[in-house]
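Single-structure report; data block below.
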Amino acid sequence: EAGVAQSPRYKIIEKRQSVAFWCNPISGHATLYWYQQILGQGPKLLIQFQNNGVVDDSQLPKDRFSAERLKGVDSTLKIQPAKLEDSAVYLCASSTFRGGNTGELFFGEGSRLTVL
Amino acid sequence: AQRVTQPEKLLSVFKGAPVELKCNYSYSGSPELFWYVQYSRQRLQLLLRHISRESIKGFTADLNKGETSFHLKKPFAQEEDSAMYYCALSPYSGAGSYQLTFGKGTKLSVIP
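Residue numbers (our numbering), protein chains in the order written: chain A, 206 to 321; chain B, 340 to 451.
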C-alpha cells in the first residue's frame, strides 16, 4: 500500500513570498489533515477535510493560508505571503472515515519550509 | 478546549531499565488517547491507542481518568526504542473522523 505522498520535501523562500505544498493521501482515505509542526513542538492541526468538504479550519490563519481538496483526493496548502514564523514542517495525514475507524492517522514525510 | 502535556522534553535511560513517558491531558468530555512515535528518519506513526488495551513492542499505556493521565510504560528499554514519542488526544468520535491534539513530545534516548 502506497503511503501519503508530499512534495516538495524542502523549500526555502524569503518572507512575503508565496509557497504551495501538495499532498496525495492513501487511496480510499476520505479524511485528510494538514498539520504544522514548529521545531520543538508537537504537530498542530491547521485544517481537516472530509472528502472535499472542510470539517475544521479553526486554527488556519486565513489571512495568509489557504487549502483546497478538489475532487476529494489530492490537496494543496498555500501560504501567501509567508512570514518568518511560518518556518515549520507541514505534515499531511489521511485516515479512513467509517465504522471501525481505529483513529490511526497515516502521515507523510512532511514538507520543511524555511522562511528567510 | 483540549490540551495535552508531556512534561519531559528528553528522557534518557539505560538499556534494560524501565521506561515511563508521562502524559497528562485536559478535556471536559470523554477523550480517546493515543501514543504516536517517530523513529529517526521515519514518518510519524501510531504506536497504540487506549481503547485497544494492547501491548505494542512491549509498551503499554493505561488511561487514568481520575488523574487525567495516559503514561506510556515499558519494563525493559531497548536501543531500538530511541525515538520521539507524542501523546495525542481526540474527542470521542464514534464512527466519525478523529481530530488529534498532540503534546510537544518526549525524546527517549536509550543508552547502550
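Where a beta carbon is used, it is the ideal one built from N, C-alpha and C, also for glycine.
On a predicted model such as this, the values are computed, not experimentally measured, just so you know.
Interface residue (Cβ-Cβ distance to chain A less than 9 angstroms): residue 444 of chain B is classified as such. Contact of residue 438 of chain B with chain A by beta-carbon distance below 9 angstroms involves 238, 250, 253, 260 and 261. Look at residue 216 of chain A here: in three-state DSSP terms it is strand. It is roughly 23 angstroms from the alpha-carbon of residue 430 of chain B to the alpha-carbon of residue 395 of chain B. Following the DSSP letters along the chain, one finds residue 273 of chain A inside the beta strand (DSSP E) bounded by residues 270 to 273. Of all residues in the segment 352 to 382 of chain B, the ones placed with a Cβ closer than 7 angstroms to any Cβ belonging to chain A are 371, 373 and 382, in chain order. Secondary structure note for residue 261 of chain A: its beta strand (DSSP E) is the uninterrupted segment 258 to 261. In terms of beta-carbon proximity, residue 342 of chain B stays away from the interface with chain A, with every pair separated by 9 angstroms or more. DSSP, read as helix, strand or coil, puts residue 418 of chain B in helix. A residue is called buried when at least 16 other Cβ atoms come within 10 angstroms of its Cβ; residue 230 of chain A meets this threshold and is buried.
A distance below 9 angstroms separates the beta carbons of residue 358 of chain B and residue 352 of chain B.
The bridge partners DSSP lists for residue 209 of chain A come to none.
About 17 angstroms separates the CB atoms of residue 439 of chain B and residue 360 of chain B; that is not less than 8 angstroms, and the two are not in contact. Residue state for residue 359 of chain B is assigned as strand, using DSSP reduced to three classes. Excluding five sequence positions before and after residue 271 of chain A, the CB atoms of its chain that fall closer than 7 angstroms to its own CB belong to 283, given in chain order.
Going by DSSP, residue 378 of chain B is part of no beta strand (DSSP E) at all; its letter is neither H nor E.
A buried status is given to residue 237 of chain A, since no fewer than 16 other beta-carbon atoms sit within 10 Å of its beta-carbon. The shortest C-alpha to C-alpha distance from residue 218 of chain A to any of A/285, A/248 and A/227 is the one to A/285. Here residue 241 of chain A is bridged, per DSSP, to A/249 and A/295. Taking 9 angstroms as the cut-off, the Cβ atoms of residue 242 of chain A and residue 295 of chain A count as close. Residue 226 of chain A: member of the beta strand (DSSP E) spanning 224 to 229, first to last residue.
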